[in-house]
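Going down the list, the sequences are from chains A and B. Per the numbering used here, the first sequence runs over residues 1 to 408. Per the numbering used here, the second sequence runs over residues 1 to 408. Data first, discussion second: the structure below is written as structure tokens.
There are 2 protein chains.
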Amino acid sequence: MTDLSRPIIPRGFRFGAIKAGVKASGRPDFSLIVADSPASAAAAFTSNRVIAAPLILDKQHLTATKGKVRVVAINAGNANCAAGQAGLDAANATCAAAARIFACRPDEVFPSSTGVIGVPLPAHKLIDAMPTLAASLGAESDRFLEVAHAILTTDTVEKTAFARIEVAGPDGAPQEIRIAALGKGSGMIHPQLVPHATMLIYILTDAAVEPAVLATYLLPAIEVSFNRISVDGDTSTNDTVLLLASGASGASIGPGNAAFAAALAQVCSSLAHQVVADGEGITHVVELHIEGAASAADALRVAKAIAHSPLVKTAWAGNDPNWGRLAAAIGYSGAQVDPDRIDISFGEHLICRNGGRAVEFDEATAHAYISQREFSISIQLHQGEGRCVFWTTDLTHEYIHINADYST
Amino acid sequence: MTDLSRPIIPRGFRFGAIKAGVKASGRPDFSLIVADSPASAAAAFTSNRVIAAPLILDKQHLTATKGKVRVVAINAGNANCAAGQAGLDAANATCAAAARIFACRPDEVFPSSTGVIGVPLPAHKLIDAMPTLAASLGAESDRFLEVAHAILTTDTVEKTAFARIEVAGPDGAPQEIRIAALGKGSGMIHPQLVPHATMLIYILTDAAVEPAVLATYLLPAIEVSFNRISVDGDTSTNDTVLLLASGASGASIGPGNAAFAAALAQVCSSLAHQVVADGEGITHVVELHIEGAASAADALRVAKAIAHSPLVKTAWAGNDPNWGRLAAAIGYSGAQVDPDRIDISFGEHLICRNGGRAVEFDEATAHAYISQREFSISIQLHQGEGRCVFWTTDLTHEYIHINADYST
Numbered sequence: 001m002t003d004l005s006r007p008i009i010p011r012g013f014r015f016g017a018i019k020a021g022v023k024a025s026g027r028p029d030f031s032l033i034v035a036d037s038p039a040s041a042a043a044a045f046t047s048n049r050v051i052a053a054p055l056i057l058d059k060q061h062l063t064a065t066k067g068k069v070r071v072v073a074i075n076a077g078n079a080n081c082a083a084g085q086a087g088l089d090a091a092n093a094t095c096a097a098a099a100r101i102f103a104c105r106p107d108e109v110f111p112s113s114t115g116v117i118g119v120p121l122p123a124h125k126l127i128d129a130m131p132t133l134a135a136s137l138g139a140e141s142d143r144f145l146e147v148a149h150a151i152l153t154t155d156t157v158e159k160t161a162f163a164r165i166e167v168a169g170p171d172g173a174p175q176e177i178r179i180a181a182l183g184k185g186s187g188m189i190h191p192q193l194v195p196h197a198t199m200l201i202y203i204l205t206d207a208a209v210e211p212a213v214l215a216t217y218l219l220p221a222i223e224v225s226f227n228r229i230s231v232d233g234d235t236s237t238n239d240t241v242l243l244l245a246s247g248a249s250g251a252s253i254g255p256g257n258a259a260f261a262a263a264l265a266q267v268c269s270s271l272a273h274q275v276v277a278d279g280e281g282i283t284h285v286v287e288l289h290i291e292g293a294a295s296a297a298d299a300l301r302v303a304k305a306i307a308h309s310p311l312v313k314t315a316w317a318g319n320d321p322n323w324g325r326l327a328a329a330i331g332y333s334g335a336q337v338d339p340d341r342i343d344i345s346f347g348e349h350l351i352c353r354n355g356g357r358a359v360e361f362d363e364a365t366a367h368a369y370i371s372q373r374e375f376s377i378s379i380q381l382h383q384g385e386g387r388c389v390f391w392t393t394d395l396t397h398e399y400i401h402i403n404a405d406y407s408t
Numbered sequence: 001m002t003d004l005s006r007p008i009i010p011r012g013f014r015f016g017a018i019k020a021g022v023k024a025s026g027r028p029d030f031s032l033i034v035a036d037s038p039a040s041a042a043a044a045f046t047s048n049r050v051i052a053a054p055l056i057l058d059k060q061h062l063t064a065t066k067g068k069v070r071v072v073a074i075n076a077g078n079a080n081c082a083a084g085q086a087g088l089d090a091a092n093a094t095c096a097a098a099a100r101i102f103a104c105r106p107d108e109v110f111p112s113s114t115g116v117i118g119v120p121l122p123a124h125k126l127i128d129a130m131p132t133l134a135a136s137l138g139a140e141s142d143r144f145l146e147v148a149h150a151i152l153t154t155d156t157v158e159k160t161a162f163a164r165i166e167v168a169g170p171d172g173a174p175q176e177i178r179i180a181a182l183g184k185g186s187g188m189i190h191p192q193l194v195p196h197a198t199m200l201i202y203i204l205t206d207a208a209v210e211p212a213v214l215a216t217y218l219l220p221a222i223e224v225s226f227n228r229i230s231v232d233g234d235t236s237t238n239d240t241v242l243l244l245a246s247g248a249s250g251a252s253i254g255p256g257n258a259a260f261a262a263a264l265a266q267v268c269s270s271l272a273h274q275v276v277a278d279g280e281g282i283t284h285v286v287e288l289h290i291e292g293a294a295s296a297a298d299a300l301r302v303a304k305a306i307a308h309s310p311l312v313k314t315a316w317a318g319n320d321p322n323w324g325r326l327a328a329a330i331g332y333s334g335a336q337v338d339p340d341r342i343d344i345s346f347g348e349h350l351i352c353r354n355g356g357r358a359v360e361f362d363e364a365t366a367h368a369y370i371s372q373r374e375f376s377i378s379i380q381l382h383q384g385e386g387r388c389v390f391w392t393t394d395l396t397h398e399y400i401h402i403n404a405d406y407s408t
């Protein structure tokens, strides 16, 4: 497996983006990812029960096609959520237009939207722009990066990740499989809008993988990446992760291929980290290591209680080694804990031993350590073997500024 | 039942406060509430599994005495939490000193602490100050108000509530029962400290009530008051509500007295509202009415999801009628919802009908309505009969300032 800093694009896909006029800023806001032939697809969506119109269609389409996608149509600037029948009509009209242009079934189109919520999507803008966009598609890395740029809303940087593995073909000769991913989430670009931060992730590979097999790779990779991050604890109505396999490499991947699973997990972890690192207004990225929990679920409860605690997150924003707030969050997490057996370390520095201040605690050292942009905190509960790693952020004035100071 | 704006103090108690030197500011920080004879007691404590040393003793003492309290000893400036055996020793020493002075059992003393966490409590300061404080106690309302002042930490105002009811005595003649409550929680007074906001509530009555009966009144009153408020979602390690009945009125209250229950609920609701209204850095108090939930538990899930959503709370801070964030929080609350049957009103103004923007939604009107310091939001889920009322606040720059900008 090779981690590639420069983009190497999986074969079998074409890309493009255009200014359709949905974003008030006039920036590129409409993108297409088109597979040369229907690609195997696996997807995961938000657990929010209020979900956007495109996600409703996406689920129906994947069921109808048994997991095949020809066209991914992504607009930024409007989430097409909480817009009732008008929202479904807009998403359907977009799919119908794409189906006409690319000579595919409407349910082979996978629509995605991100942006402001509660305002009907002006689908005619996407439909009007689609012929020009379709004529401009290309397979080059520059076109891929255009999509990575056009799907951003409040993000400050594009988010991409790449991997390449070799597998042995039927004749024993090596076959190259490429993976490329792009995503968006959690930043500030349009301060005059009130953003509804949404995470959209698209992962492409040119491996040949059956849809049902593809899902067995995607879900474990999500579990240790995108399901292990939190900026503000607000679960979006639009979150989507889509994995497409074109088969254009000629290399087949069956169940249980460790190299493919590892490459996919690496790409997902990279993108998840990029999303957190571009969180709204953040000044710190914190890697939590929860260990010794009674169960893996308990470890996750502790991580999420810490990651969602305003008092913990504001302490981090102030570079304040206030471990008492961590102890309190551990205590109300719902996990099984013995308050007298909790150990807390900031990096290598033991801060709290057996629930009380460690004798070696040095405030200046602790302060210096958590003044870094990225740092880690380890919690040892001494209750069992449950553990997890979780990435989160601080809570800053800038987050309030982004989300409070600009009225719709 | 009479709601009294001026304090009328239940008979059978004496009060006092002193500067013991625990608060770095030099303000009064040590208080005593002393019953003339052991009072019936009912109490509720934080559900946090990490709890402060005084709460550990309080639970043991109430069990040992079968619900009797002679002395309440409250210090502010130090939470005596996460201090290990030293914390327990400090609380025990305080109880022993009070028992000597007031000639009672150590387990008839109820210690309370609030303030910074993780620093051993300097009990000797309390013990040194106790004789002078004990000699100065009085039953007057001014002395009661001294306690209300001395227990504050980051609060900006004292919090008290009073009620008076009449019941018919054995001979049919009216008997007066008084209730007085004082509490603290969630404000800013000591910006140079890193506060760990804690709610401490003491409710006194001169009714004669058995401890077991007293608990049947306290828990329902808490359920609709203190368990229905949230400023930042962080559950403290020290939260305590204590109800003491001296019996000095001569009026007995058995189980099921509706007037006593109503008076107690009124006092608790008033104090709960005062705690929220003095929340750290807040500019809005929001009353949530959740209706039509599948169950009361579901209604509470929706209220808490909204009350803990940074995106919702920052929108309020910006006077922003962004109802999409409310819809998203409802969706991820875990409650049973049909996204197409959610109605949302700001006061009398319908904002969202059937999950989409109501035709009568007027942004200027909605903006003006939620620009008020106090406003209400009603959510109708159309799933059943579950309902609740919940009070919460916005999330402001000042909250970040209080909790991030002053390092320990």
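The C-beta atom is built at its ideal place from N, Cα and C for all residues, glycine as well.
- Terminal residues of the beta strand (DSSP E) in which Val285(A) lies: 285 to 293
- For Gly77(B), I'd like the list of residues in its chain whose CB is within less than 6 Å of its CB, leaving aside the five on either flank, ordered along the chain. Val22, Lys23, Asp29, Gly115
- Residues of chain A with a CB under 9 Å from the CB of Ser236(B): which are they? Ala328, Tyr332
- Query: Hey, which unbroken runs of the alpha helix (DSSP H) at 4 residues or more fall wholly within the stretch 60 to 121 of chain A?
  - Reply: 84 to 102
- Query: Opposite Glu348(B) in the DSSP bridges: which residues?
  - Reply: BP columns for Glu348(B) are empty, so no partner.
- Query: Between the stretch 357 to 389 of chain B and chain A, which residues of the former have a C-beta closer than 8 Å to a C-beta of the latter?
  - Reply: Arg357, Glu363, His367
- Task: Give the single residue among Ala258(A), His349(A), Leu271(A), Gly26(A) whose Cα lies nearest to the Cα of Ile222(A).
- Result: Leu271(A)
- Item | DSSP bridge partner residues for Glu166(A) (one or two, in chain order) | Glu176(A)
- Shorter than 8 Å from the beta carbon of Trp391(A) to some beta carbon of chain B? no
- Run of the alpha helix (DSSP H) containing Asp362(A), from where it starts to where it stops: It is not in any alpha helix (DSSP H) - Asp362(A) carries neither H nor E in the DSSP assignment.
- Message: Within a Cβ cutoff of 8 Å, which residues of the same chain sit near Ser136(B), ignoring the five residues on either side of it in sequence?
- Response: Gly16, Ile18
- Thinking C-alpha only, which one of Gln60(A), Asp394(A), Ile229(A), Ser246(A) is nearest Ile370(A)? Asp394(A)
- Query: If we ignore side chains and look at the alpha-carbon of each, how far apart do Val147(B) and Ser236(A) end up?
  - Reply: 46 Å
- Message: As a quick exercise: from Leu288(A), Asp171(A), Ile177(A), pick the residue whose alpha carbon is nearest that of Ile229(A).
- Response: Leu288(A)
- For Glu374(B) and Gln380(B), the rounded distance between their alpha carbons: 20 Å
- Message: If we define contact as Cβ-Cβ less than 8 Å, is Thr240(A) a contact residue for chain B?
- Response: no
- Go ahead and pull the three-state DSSP assignment for Arg353(B). strand
- Query: With a cut-off of 8 Å, does the C-beta of Pro111(B) fall near any C-beta of chain A?
  - Reply: no
- Message: Is there a Cβ of chain B sitting closer than 8 Å to that of Gly115(A), yes or no?
- Response: no
- Message: By alpha-carbon positions, which one of Ala404(B), Ala297(B), Tyr399(B) ends up nearest to Asp155(B)?
- Response: Tyr399(B)
- Between which two residues does the alpha helix (DSSP H) containing Glu146(B) stretch? 141 to 150
- Given a cut-off of 8 Å, decide if Phe226(B) and Leu182(B) are closer than it, judged by their beta-carbon atoms. no
- Message: Would Lys81(A) pass as an interface residue toward chain B - the criterion being a Cβ-Cβ separation below 8 Å?
- Response: For clarity, residue 81(A) is Cys in the given sequence; the question names Lys instead. Chain B contact via Cβ: present.
- Message: Quick check on this structure: which residue in Val167(B), Ala139(B), Cys268(B), Tyr332(B) has the alpha carbon closest to the alpha carbon of Asn257(B)?
- Response: Val167(B)
- Item | Contact set between Ser25(B) and chain A, taken where Cβ atoms lie within less than 7 Å | Going along chain A, no residue has its Cβ under 7 Å from Ser25(B), so there is no contact; the nearest lies around 19 Å.
- Query: Under the three-state reduction of DSSP, which class applies to Ala297(A): helix, strand or coil?
  - Reply: helix
- Residue of Gln85(A), Val69(A), Gly87(A) minimising C-alpha distance to Ala98(A): Val69(A)
- Spell out a yes or no on whether the stretch 47 to 67 of chain B and the stretch 105 to 124 of chain B are touching, meaning 3 or more CB-CB pairs, one atom from each, closer than 8 Å. yes
- In chain B, what lies closer than 8 Å to Gly84(A) by C-beta? Asp340, Asn354, Gly355, Gly356
- Task: Kindly indicate if chain B contains any beta-carbon less than 8 Å away from that of Gly185(A).
- Result: no
- Item | Counted within 10 angstroms of its Cβ, other Cβ atoms place Gly138(A) as buried (16 or more) or exposed | exposed
- Query: Shorter than 8 Å from the beta carbon of His196(A) to some beta carbon of chain B?
  - Reply: Unreliable placement is indicated for His196(A), whose pLDDT of 39 sits below 50; the coordinate value is still reported in the next sentence. So, interface residue.
- Query: What number of angstroms, rounded off, separates the C-alpha of Arg14(A) from the C-alpha of Ser37(A)?
  - Reply: 11 Å
- Do you know offhand how far Pro211(A)'s Cα is from Lys304(B)'s? 39 Å
- Message: Using only the alpha-carbon positions, how far apart do Ile253(A) and Glu108(A) sit?
- Response: 23 Å
- What residues of chain B sit near Val302(A), judged by a beta carbon separation below 7 Å? Chain B residues near Val302(A): none, gap ~11 Å exceeds 7 Å.
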